[in-house]
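Protein sequences, first through last, are from chains A and S.
Number 244 in our numbering belongs to position 244 of the first sequence; there are no gaps in the numbering.
Number 236 in our numbering belongs to position 236 of the second sequence; there are no gaps in the numbering.
Glycine is no exception: its CB is placed at the ideal position from the N, C-alpha and C atoms.
Worksheet: one structure, shown below.
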Amino acid sequence: MKKAGGRLYTFLVFLFLYAPILVLIVFSFNDTETASRTVWSGFSLKWYEKLFEDRLILEALRNTLLIAVVAAAASTVLGTVAAIGINSMKRLPRRVMMNITNFPMVNPEIVTGVSLMLLFVFAVGLFGGRSLGMGSLFAAHITFCLPYVILSVLPKLRQMDPNLYEAAQDLGCPPVKAFFKVVLPEIMPGVVTGMIMAFTLSIDDFVISYFTSGTTQTLPIYIYSMTRKRVSPEINALSTVLFAVVMALLIVVNVRQGRARRAGKEDA
Amino acid sequence: MKTKSKLLSAPYTVWMTIFIVLPMLLVAWFALTDRQGNFTLENILSVGQYSNVFLRSIWLGAVATFISLLMGYPLAYLISKMGEKRQSVMVMLVMLPMWMNFLLRTYAWMTLLEDNGLINSALRAMGLPGVHMINTAGAVVLGMVYNYIPYMILPIYSVLTKIDRSVIEAAEDLGANSRQVFLKVVVPMSMPGIISGVTMVFVPAVSTFIISKMLGGGGNLLIGDLIDMQFLGSAYNPNLGSAISLVLMVIILICMGIMNQFDDGEPGEGGVLL
């Protein structure tokens with residue numbers, strides 16, 4: 001009895017989580033002429049055709065991916081190097097650095113967004129140059145990705161035996177080579193996690209981009225303008241495509257993790 | 001390794017100074033000056049005019065946080081009791097909606113809640129009268145719960161899985177019934193998870209401006225909408241916007257300070273709500 005109640009509860013919460021998404025997906029196949037979002041009038045793929053013909057969406061997608069790649073790469077390099085530095089600090093400076101690192105994660109996104117907007121507008125006022133656009137988006141995304149990279153690399157550094165690096169150097173390995181041959185392989189899982197997090201956070205970000213993009217379109221900003229101005233099942237088609245991509249990625253990652261775990265058990 | 005590698009964080013320090021510290025100083029500076037750049041307290045003082053918006057944001061955010069906790073805790077608990085394989089599937093299912101852009105998730109609720117939306121159509125098809133749901137405070141709370149409940153479930157779940165089984169067995173051996181075990185052992189031990197869950201739901205809920213715009217219509221203005229209006233909206237006034245942002249940050253810091261109190265002391269019932 002108790003078990004059945006638990007199952008029912010789990011089912012209901014998941015129904016709550018997934019029903020809206022299912023509705024979105026179903027109505028992306030709706031063959032309707034008008035803006036009616038909720039009357040079913042037959043199966044059609046026309047919203048998908050429209051979606052892939054929409055040049056604005058494709059451009060927004062291109063911008064989003066470009067920003068995500070640059071932000072993930074830059075924040076991973078900068079963050080990993082910084083984590084090594086932070087890890088070797090004494091207690092007090094380390095606390096200061098960690099507070100600065102944690103701050104953007106605790107601060108409301110909207111405040112981070114407007115503060116960066118003020119900075120960019122202010123900088124343009126001082127030095128001239130182009131106002132908000134791709135440049136400010138790159139800087140903003142790198143900024144909010146950095147803490148996540150650092151927080152996923154630091155634990156790996158702490159687990160690592162510091163003698164390894166020294167041993168490599170004692171054996172005549174130059175510091176840079178020792179880093180790539182000894183330290184980096186040890187902390188690689190953390191670096192990869194940080195990079196994946198940075199990439200997905202960047203793709204998904206709306207609030208900070210909204211304040212720092214000027215007229216440049218990213219996918220979330222384009223979605224926002226779609227929900228504001230016109231009502232079109234194109235947006236449902238877009239949701240479905242994105243959902244399918246994310247689900248496929250998650251399943252691949254999960255299967256690989258499961259396999260890795262099983263392999264690990266067999267080793268032990 | 002130690003002495004030289006400290007310098008490795010120098011580029012990061014410079015970056016964060018420019019893009020985190022300096023912008024925050026700019027917010028403070030804008031909040032304390034007028035358009036000509038003269039010092040003034042007027043912006044901060046005029047935030048008081050919007051106290052109703054602040055109260056509404058805090059109230060709706062708190063209600064959404066409380067509902068998320070009530071709904072999320074049992075699910076986290078149930079998942080933590082499942083077999084290892086099912087646990088990871090369930091956790092993935094909780095995370096999956098989060099990976100879909102939150103604008104799309106909120107948009108989905110628009111199509112459901114509208115006066116001619118799916119829920120009302122279904123009600124009418126059954127011969128029941130329609131219910132006005134969109135553009136109400138309830139719809140805003142619903143949107144908040146829907147968007148942020150995974151942030152409540154996941155930290156609670158991860159703390160629950162770390163509870164030592166033998167502690168629960170000890171309580172049972174000492175004669176506690178299952179209710180007592182739950183209230184006196186499991187809940188207090190999961191307090192760190194509850195606290196991070198509450199923070200992770202409350203902070204974005206209080207400062208949202210999209211959910212209120214999409215589901216709340218014009219009548220449910222939140223702090224976030226107010227800030228948005230001062231920077232990108234009709235009421236362009238970055239000085240006032242900065243002052244509001246500053247006050248919002250202070251409110252959130254105070255809330256988190258209160259929350260952290262519960263981390264050490266005796267966790268009181270209902271104390272999780274502010």
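| Query | Result |
| --- | --- |
| Indicate the three-state DSSP secondary structure (helix, strand or coil) for S:Phe209 in the structure shown. | coil |
| Go ahead and label S:Pro155 buried or exposed: buried means 16 or more other beta carbons lie within 10 angstroms of its beta carbon, across all protein chains shown. | buried |
| Say whether the region 76-91 of chain A touches the region 142-149 of chain A, bearing in mind that this needs 3 or more beta-carbon pairs closer than 8 Å, one atom from each stretch. | yes |
| Taking Cβ-Cβ distances shorter than 9 Å, what residues in chain A pair up with S:Asn260? | Within 9 Å Cβ-Cβ: nothing; S:Asn260 doesn't reach chain A, min ~12 Å. |
| Compute the Euclidean distance between the alpha carbons of A:Ser213 and A:Val241, then round it to the nearest angstrom. | 24 Å |
| Confirm, please, whether the CB-CB distance from A:Leu154 to A:Val182 is below 7 Å. | no |
| Under DSSP, the alpha helix (DSSP H) around S:Tyr236 begins and ends at which residues? | Premise fails: S:Tyr236 is in no alpha helix (DSSP H) and is neither H nor E. |
| Going by Cα to Cα distance, which pick from S:Pro23, S:Leu246 and S:Met214 is closest to S:Gly138? | S:Met214 |
| Across which residues does DSSP place S:Thr33 in a beta bridge pair? | S:Phe39 |
| Mind pulling the alpha helix (DSSP H) runs of 4 or more residues that sit fully within the region 157-204 of chain S? | 165-173 |
| Could you name each continuous alpha helix (DSSP H) segment of 4 residues or more that falls completely within the region 42-121 of chain S, going from the start of the chain to the end? | 42-46, 51-80, 84-95 and 102-113 |
| Are at least three pairs of beta-carbons, each pair with one atom in the region 243-258 of chain S and one in the region 35-52 of chain S, less than 8 Å apart? | yes |
| Thinking just about the alpha-carbon of each residue, which of A:Gly5, A:Gln169, A:Arg262 and A:Asn107 is nearest to the one in S:Val206? | A:Asn107 |
| Quick one: residues in its chain with C-beta nearer than 6 Å to the C-beta of S:Ala235, no 5 flanking neighbours on either side, listed in chain order? | Met229 |
| Mind pulling the chain S residues with CB within less than 7 Å of A:Asp204? | Asn101 |
| Alpha carbon to alpha carbon, how far is S:Lys6 from S:Met256? | 31 Å |
| Is the Cβ of A:Gly133 closer than 7 Å to any Cβ of chain S? | no |
| Measuring straight from C-alpha to C-alpha, what distance separates A:Gly6 and S:Thr208? | 32 Å |
| Measure the alpha-carbon distance for S:Pro11 versus S:Ala64 and round it to whole angstroms. | 40 Å |
| Using Cβ-Cβ distances below 7 Å, what residues of the region 80-92 of chain A are close to chain S? | Val81, Ala82, Ile84, Gly85, Ile86, Ser88 and Met89 |
| Between the region 168-183 of chain S and the region 140-155 of chain S, are three or more C-beta pairs nearer than 8 Å? | no |
| On the three-state DSSP scale, how would you describe S:Val272? | Per-residue confidence for S:Val272 stands at a pLDDT of 32, beneath the threshold of 50, marking its modelled position as unreliable; the derived number appears in the next sentence. Coil at S:Val272, not helix or strand. |
| Does any C-beta atom of chain A lie closer than 7 Å to the C-beta of S:Met191? | no |
| Please report the straight-line C-alpha distance between A:Thr10 and S:Lys81, rounded to a whole angstrom. | 12 Å |
| Under 7 Å Cβ-Cβ, which residues of chain S neighbour A:Ile223? | Asn101, Leu103 and Leu104 |
| Could you check the C-alpha separation between A:Ser209 and A:Thr218 for me, to the nearest Å? | 8 Å |
| When you compare the region 67-76 of chain S with the region 196-208 of chain A, are there three or more beta-carbon pairs, one atom per stretch, that lie closer than 8 Å? | no |
| What three-state label does DSSP hand A:Phe43 in the structure shown? | strand |
| Where does S:Asn260 sit, in a helix, a strand or coil, going by DSSP? | helix |
| Which residue from S:Val14, S:Ile20 and S:Leu25 puts its Cα closest to that of A:Glu109? | S:Ile20 |
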